[in-house]
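Going by the working numbering, the first sequence opens with residue 9, and the numbers climb by one from there.
Note that beta-carbon positions come from the ideal geometry of N, C-alpha and C, so glycine has one too.
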Amino acid sequence: MVHRWSETLIPTTREAPAEAESPSHVLLLRAGFIRKLGAGIYDFLPLGFRVLRKISEIVRQEMDGAGAHELHLPVLLPIELYKGTKRDQDYGELLFKISDRKDAQYALGPTHEEPITELVGGSVTSYKQLPVNLYQIQTKFRDEARPRSGLLRCREFLMKDAYSFHLNVEGPGGLNETYDRMYAAYTNIFKRCGLDFTAVEAESGPIGGSASHEFMVNAPSGEDTILKCPVSGYAANVEKCEIGQRALGTLTETPTGELTEVHTPGLPGIDEVGKFMKVKPDRMLKSIVFQIAEHGEGSAGISWVVAVVRGNHEVNEGKVKAACGAKKVVLADEKAARAAGFAIGYVSPRTVNTVPGTLLLLDPDVTTGGFWASGGDRADYHVKHFNLRREIGATLDDAARVRIADVRNALEGDPSPRSAGAALVTGRGIEVGHIFKLGTKYSDAMGLSVLDDKQQKRSVIMGCYGIGVSRTLASSVEQNHDANGIIWPAAIAPYHVIITLMKADSQEHRDLARTIAGELAQRGIDVLIDDRDERPGVKFKDADLIGVPIRLTLGEKSLAAGAVEFRLRTADDKGELVPRGEVVNWCVSAIVHGRNARPSDAAQS
RNA sequence: CGGGGCGUAGCGCAGCUUGGUAGCGCGUUUGGUUCGGGACCAAAAGGUCGGAGGUUCAAAUCCUCUCGCCCCGACCA
Numbered sequence: 009m010v011h012r013w014s015e016t017l018i019p020t021t022r023e024a025p026a027e028a029e030s031p032s033h034v035l036l037l038r039a040g041f042i043r044k045l046g047a048g049i050y051d052f053l054p055l056g057f058r059v060l061r062k063i064s065e066i067v068r069q070e071m072d073g074a075g076a077h078e079l080h081l082p083v084l085l086p087i088e089l090y091k092g093t094k095r096d097q098d099y100g101e102l103l104f105k106i107s108d109r110k111d112a113q114y115a116l117g118p119t120h121e122e123p124i125t126e127l128v129g130g131s132v133t134s135y136k137q138l139p140v141n142l143y144q145i146q147t148k149f150r151d152e153a154r155p156r157s158g159l160l161r162c163r164e165f166l167m168k169d170a171y172s173f174h175l176n177v178e179g180p181g182g183l184n185e186t187y188d189r190m191y192a193a194y195t196n197i198f199k200r201c202g203l204d205f206t207a208v209e210a211e212s213g214p215i216g217g218s219a220s221h222e223f224m225v226n227a228p229s230g231e232d233t234i235l236k237c238p239v240s241g242y243a244a245n246v247e248k249c250e251i252g253q254r255a256l257g258t259l260t261e262t263p264t265g266e267l268t269e270v271h272t273p274g275l276p277g278i279d280e281v282g283k284f285m286k287v288k289p290d291r292m293l294k295s296i297v298f299q300i301a302e303h304g305e306g307s308a309g310i311s312w313v314v315a316v317v318r319g320n321h322e323v324n325e326g327k328v329k330a331a332c333g334a335k336k337v338v339l340a341d342e343k344a345a346r347a348a349g350f351a352i353g354y355v356s357p358r359t360v361n362t363v364p365g366t367l368l369l370l371d372p373d374v375t376t377g378g379f380w381a382s383g384g385d386r387a388d389y390h391v392k393h394f395n396l397r398r399e400i401g402a403t404l405d406d407a408a409r410v411r412i413a414d415v416r417n418a419l420e421g422d423p424s425p426r427s428a429g430a431a432l433v434t435g436r437g438i439e440v441g442h443i444f445k446l447g448t449k450y451s452d453a454m455g456l457s458v459l460d461d462k463q464q465k466r467s468v469i470m471g472c473y474g475i476g477v478s479r480t481l482a483s484s485v486e487q488n489h490d491a492n493g494i495i496w497p498a499a500i501a502p503y504h505v506i507i508t509l510m511k512a513d514s515q516e517h518r519d520l521a522r523t524i525a526g527e528l529a530q531r532g533i534d535v536l537i538d539d540r541d542e543r544p545g546v547k548f549k550d551a552d553l554i555g556v557p558i559r560l561t562l563g564e565k566s567l568a569a570g571a572v573e574f575r576l577r578t579a580d581d582k583g584e585l586v587p588r589g590e591v592v593n594w595c596v597s598a599i600v601h602g603r604n605a606r607p608s609d610a611a612q613s
């Protein structure tokens, strides 16, 4: 492919709009890849769209290679479809809703579990048609509360979503087999896109399901925190990350002094109370009240769950849910909790004795002895010298009412759950891919079942697999840029080579550029010829800004020497002269051997 | 949704406190000089000052309402 700058639209600017802050947002705007039309709504200009297509093509190749088949579902979906799975409620405000002229309600698809399940339900009638794995690359809509960071969090964005359907979880044709293939395909996709990423274990979230992994592009600007064990390779996001064995107290520690009430008016926050009482947050007990939203095995007889962590730690809802055996827990409704006897904001672990139906969950870090401060169980009061054994007594030994469990978010330095003695390290990431084992959530809700070979009716088991295509584009920029602009990995660069004409008005130079471009194109290389009548400085700056991996410069001096100037985007020098006859091979070699390798580098490696 | 901030030319901003009908830089157009890392000189085009209402002889400026956008938080495949 050969394009000429003068014929396309690449509106580069020296300055970015003040509202753009993150690197990808600023650079994509400045380099003329995208343009904002509204909050979380962007135009993709020719350069941006080319990158989108390159990423999409890699995704297609890998998905097709892994046995998935592309289709195309509507964006405009009758709201009834979402009522069936209650996701019009679960998704809530996030679901974009519109109405037609007859005032019928529609949703703009945020994901497509419902329509795909409807489709398969109506067309798959026998277990012999399973398994099947279908995907699309489609514009998605989410009414984000706060779109931000350009393409990283949009209200309209491009996503690849795949759904697989199975009779079994295990064995040939089972969900696990496809899940593993998708995992491998995702790994290939993000590798081929030239991204530095980490696959982490994740909670499946409101979409439901039993197991999932997130693919995170490593970037300091990422919104998500991930934790890794450098020894075992275990990696997970904060919501999911387990913590290894921690030191436990005996629950028989001696009190540090008389339990003393302290008047702390209008100070509900840990930090403020700590300052007021002159107690460090890590010596305070933070007691958070949850209520069971949906009972499960093990949560019978429980109405309230009080999770206790150190003041400088954060309670993890997923872990609370697991520890109490419920299917779903939510932060307690403040009114209801007060009515039940909780002094919200001033709760202490003693409530296990005072509020019927309360289960107390103690994080290991609060079971050790020493000085503790806690809520005073009445408004505006805290207590000092809190001692679990003295304040709670024999109830501590009743496993039905008090459990010691990991209920907090993991932190840097916590013991690894997979390798004794190793400590977790943290990093930031941008979620670009997510794969789930959905199970039968949607098939049950929408009545998708088939008869098996024993004529038994079986719910179809599903998996779903998403990739944020436009987000992948942005995260590549987050990860690959410098002070001068974007640095595209060759595989997803809008063009592989930019030919910069020093004398755009010279017919001879234009002809040569076109000839070289033609030769490159024959080798499968995409070329942009900068034939604008601009000063050299402008062209060099723009070439760096848009981030094309290789720049060939055609100027008087080099041409007189029968050479072309070859420069990698990552080079810090002015480039080097390459004989005219070799320049195409140089380019091919650099593209093939890695995104920024010169032929000489490749020979050495 | 809570807190903070911003809407003035394609982009970046000043003007608003103390009302008198809009200005600077970049970019754009024309002419000239330049020509290897965002040139210089000269001239020019381009703005219902987000919108509506109000106060006033007079509103970008003051008042009320409204819409849009950004940041932090809450939330979030």
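For glutamate 222, there is no enclosing alpha helix (DSSP H); the enclosing beta strand (DSSP E) has its first and last residue at 219–226.
Alanine 315 has Ile296 and Leu369 as its beta-bridge partners, per DSSP. As the crow flies, the alpha-carbon of leucine 36 is around 18 Å from that of proline 228.
Our two residues, glycine 471 and lysine 445, have alpha carbons roughly 5 Å apart in a direct line. For arginine 38, same chain residues with a beta-carbon under 6 Å away, outside a window of 5 residues either side, are Thr21 and Ala24 in chain order. Fewer than three pairs of CB atoms, one per stretch, sit closer than 8 Å, so the region 451–471 makes no contact with the region 251–258. Ser311 is the residue among Arg358, Ser311 and Pro357 whose C-alpha sits nearest the C-alpha of leucine 339. Secondary structure of glycine 333 (DSSP, three-state): coil.
Across the set Glu542, Leu85, Pro19 and Ser597, the C-alpha of Leu85 shows the shortest separation from the C-alpha of isoleucine 106. Sorting His390, Phe350, Pro263 and Ala112 by C-alpha distance to the C-alpha of valine 281 places His390 at the top.
Leucine 456 sits buried, since 16 or more C-beta atoms from the chains shown fall within 10 Å of its C-beta. When Asp51, Gly429, Asn245 and Thr359 are compared, the shortest CA-CA separation from isoleucine 400 is found for Thr359. In its chain, beyond the 5 residues on either side, His120, Pro123 and Gln144 have a beta carbon closer than 6 Å to the beta carbon of leucine 81.
Counting along the chain, the unbroken beta strand (DSSP E) around aspartate 51 starts and ends at 49–52. If you draw a straight line from the Cα of proline 139 to the Cα of lysine 94, it is about 26 Å long. In the displayed model, threonine 125 falls within a helix according to three-state DSSP. The count of Cβ pairs closer than 8 Å, one atom from the region 539–556 and one from the region 482–497, reaches three, so the stretches are in contact. About 7 Å separates the Cβ atoms of glutamate 209 and alanine 243, confirming a contact at the 8 Å cut-off. For the pair glutamate 231 and glycine 100, the Cα-to-Cα distance works out to about 22 Å. Under DSSP, alanine 244 shares a beta bridge with Glu209 and Leu235.
The beta carbon of arginine 386 is closer than 7 Å to those of Ala351 and Tyr354 in its chain, skipping five residues each way along the sequence. Boundaries of the beta strand (DSSP E) around asparagine 141: 140–149. Residue state for tyrosine 114 is assigned as strand, using DSSP reduced to three classes.
Annotated three-state conformation of glutamate 250 is coil, per DSSP. Secondary structure note for threonine 561: its beta strand (DSSP E) is the uninterrupted segment 558–562. For proline 86, the uninterrupted beta strand (DSSP E) run begins and ends at 84–86, by DSSP. Bounds of the alpha helix (DSSP H) holding glutamate 280 are 278–285. The three-state secondary structure of glutamate 78, taken from DSSP, is strand. Per DSSP, the continuous alpha helix (DSSP H) segment holding aspartate 550 begins and ends at 544–554. Residue pairing by DSSP places threonine 480 opposite no residue, since no beta bridge is assigned to it. About 6 Å separates the beta carbons of aspartate 460 and leucine 175, which is inside the 8 Å limit, making them a contact pair. In chain order, Trp496, Ala501, Pro502, Tyr503, His504, Val505, Ile506, Leu536 and Arg577 place their CB closer than 8 Å to the CB of valine 556, counting only its own chain and leaving out the 5 sequence neighbours on each side. Closest in C-alpha terms to serine 424, from the list Ile300, Phe223 and Val239, comes Val239.
Residue state for threonine 523 is assigned as helix, using DSSP reduced to three classes. The C-alpha of methionine 71 is placed about 39 Å away from the C-alpha of glycine 589. With a cutoff of 8 Å on beta-carbon distance, isoleucine 300 and valine 313 are scored as near each other.
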